[in-house]
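*Asks:* Residue numbers (the working numbering): 11 to 137.
Below you will find the structure I want to go over with you.
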């Protein structure tokens, strides 16, 4: 249903460091960057794979957090690696890796707060 999603960040450089590290275990990296001169509204970086940016971060001085974004993990080990990488990159724990059976029996997720307070999750739905 969605083609891509984007969020604003107060400190673009810090957010880039965070997301580059946190999303690497999921196989996601910056596949496109556009400058403030190109957009007329700030610098932006698009994360994805195979050349397709699906998750964007961009300069927004008034960003206040509050978003929840969940990224697909291929397996539970990727969820664990995401959580470790995100914490090492300055994220704050918002729920350690583990089963969340109240969603469904195989829902395995981990949650971190990014530099702006957004709730970022990696989730695997496989046993």
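Backbone N, C-alpha and C fix where the C-beta goes; we use that ideal spot for every residue, glycine too.
If I'm right that residue 41 touches residue 63 with Cβ under 8 Å, what's the distance once you round it to whole angstroms?
*Replies:* Yes, they are in contact, since the Cβ atoms of residue 41 and residue 63 sit about 5 Å apart, within 8 Å.
*Asks:* Are residue 20 and residue 103 closer than 9 Å when you measure CB to CB?
*Replies:* Contact: no.
*Asks:* Any chance the region 63-79 sits against the region 103-114, with 3 or more Cβ pairs inside 8 Å?
*Replies:* no
*Asks:* How would you label residue 47, buried or exposed, when you count the other beta carbons within 10 angstroms and need 16 or more for buried?
*Replies:* With fewer than 16 other beta carbons inside 10 angstroms of its own, residue 47 counts as exposed.
*Asks:* Whole angstroms are fine: how far does the CA of residue 80 sit from the CA of residue 137?
*Replies:* 18 Å
*Asks:* Measure the alpha-carbon distance for residue 58 versus residue 39 and round it to whole angstroms.
*Replies:* 6 Å
*Asks:* When you compare each of 51, 134, 129, 100 to residue 116 by their alpha carbons, which one comes out closest?
*Replies:* 134
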